[in-house]
Structure formats: structure tokens, C-alpha cells
Amino acid sequence: MPGVLAGFYGYQRESFVASIGKPGFGIFAPAGSGKTRTAAAAALVYEGAILEVTRGGARAQHVREWASVCRFPAFNLKPASARRKRDQWGSLDEYLDWCDEHSSRPIIICGWEALPRNIVALTTLSKTMP
Numbered sequence: 341m342p343g344v345l346a347g348f349y350g351y352q353r354e355s356f357v358a359s360i361g362k363p364g365f366g367i368f369a370p371a372g373s374g375k376t377r378t379a380a381a382a383a384l385v386y387e388g389a390i391l392e393v394t395r396g397g398a399r400a401q402h403v404r405e406w407a408s409v410c411r412f413p414a415f416n417l418k419p420a421s422a423r424r425k426r427d428q429w430g431s432l433d434e435y436l437d438w439c440d441e442h443s444s445r446p447i448i449i450c451g452w453e454a455l456p457r458n459i460v461a462l463t464t465l466s467k468t469m470p
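FYI, in this note's numbering the residues of the sequence shown are 341 to 470.
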């Protein structure tokens with residue numbers, strides 16, 4: 341992790357270190373202070389799929405932030421009506437199949453309002469990961 345932490349400010353490093361070994365944590369800091377990047381780095385310490393829940397309008401930004409922290413591509417879990425032909429994956433199942441084929445770790449960014457529609461798939465996923 342030293343490479344990831346190299347670009348962090350002191351308060352981000354402190355938040356990262358404080359999060360290790362906890363089943364959940366919160367980072368309370370002003371907008372634009374690097375909370376998502378810090379939380380992403382902390383999540384990478386653990387094995388298995390990563391599910392980040394945020395507000396729907398922030399999903400695309402969070403996918404970009406993940407790209408700045410790790411080499412695993414994150415999946416923007418959009419409603420079917422918001423999917424476009426240019427999207428790399430058309431569904432969560434396609435993304436998970438791609439992850440299997442490329443030995444990539446699943447990172448799913450889900451809007452909180454989409455949890456009820458996707459809870460079965462996400463719960464099933466959690467049971468298949470280490």
C-alpha cells in the first residue's frame with residue numbers, strides 16, 4: 341500500500357490507518373478532501389468484492405476515483421433505463437463474468453436508491469466471495 345498512500349495528505353493517511361481492522365468506518369471531512377479515495381484504499385486491504393453505496397448522482401464520480409486508486413475497474417450499477425451502448429458492461433452479471441475471466445476483483449458502485457432492486461444479486465455475491 342505504500343504506493344497508494346504516497347499521494348495522500350497527512351489527514352488521509354490517519355483516516356486510512358484508523359480504518360484498518362474495523363468492520364465499518366466513517367470519514368468526516370469537507371467536500372473535495374479525498375474521502376472517497378481514502379475509503380477506497382482502505383477497502384482494498386480486505387479480500388473479496390467491494391460494494392460502495394453512495395447517492396445515485398455520485399456513482400460516475402466514484403468510478404473515476406476508484407480508477408485513481410487501483411487497477412481493478414469499478415462497475416457503475418445503473419438502473420436499466422440509464423444504461424448506454426457505450427457502457428463496457430450491460431449488466432452486473434456481465435461485469436462479474438468479465439471479472440472472473442480477467443481475475444479482477446469486483447468493485448460495485450451502487451446508488452442507495454438502487455439497493456432494493458439489486459439486494460438479491462448483491463447478497464448472493466457476498467456469499468460467493470472469500
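For every residue, glycine included, the Cβ atom is placed at its ideal position computed from N, Cα and C.
**Item:** Short CB-CB distance (under 8 angstroms) between Asp440 and chain D
**Value:** Here there is only one protein chain, and chain D is not present.
**Request:** Round the Cβ separation of Phe307 and Ile447 to the nearest angstrom and send it over; I've been treating them as touching at under 8 angstroms.
**Result:** Any answer about residue 307 is impossible in this case: the structure gives the chain only from 341 up to 470.
**Item:** Status (buried if at least 16 other CB within 10 Å, exposed otherwise) for Gln401
**Value:** Looking at its Cβ environment, which holds fewer than 16 other Cβ atoms inside 10 Å, Gln401 is exposed.
**Prompt:** From what residue to what residue does the beta strand (DSSP E) around Val393 run?
**Reply:** First-last of the beta strand (DSSP E) with Val393: 390-394.
**Message:** So the candidates are Asp440, Leu432, Leu345, Val357; which of them puts its Cα closest to the Cα of Leu391?
**Reply:** The residue with the shortest Cα to Cα distance from Leu391 is Leu432.
**Asked** Would the beta-carbon of Arg457 fall within 8 angstroms of that of Ala389?
**Response** Taking 8 angstroms as the Cβ cut-off, Arg457 and Ala389 do not qualify as a contacting pair.
**Among Gly366, Val385, Pro413, Gly451, the one whose alpha carbon lies nearest that of Ser443** = Residue Pro413 holds the alpha-carbon nearest to the alpha-carbon of Ser443 among Gly366, Val385, Pro413, Gly451.
**Message:** Quick check on the DSSP output: the alpha helix (DSSP H) that includes Cys439 runs from which residue to which?
**Reply:** Counting along the chain, the alpha helix (DSSP H) containing Cys439 begins and ends at 432-441.
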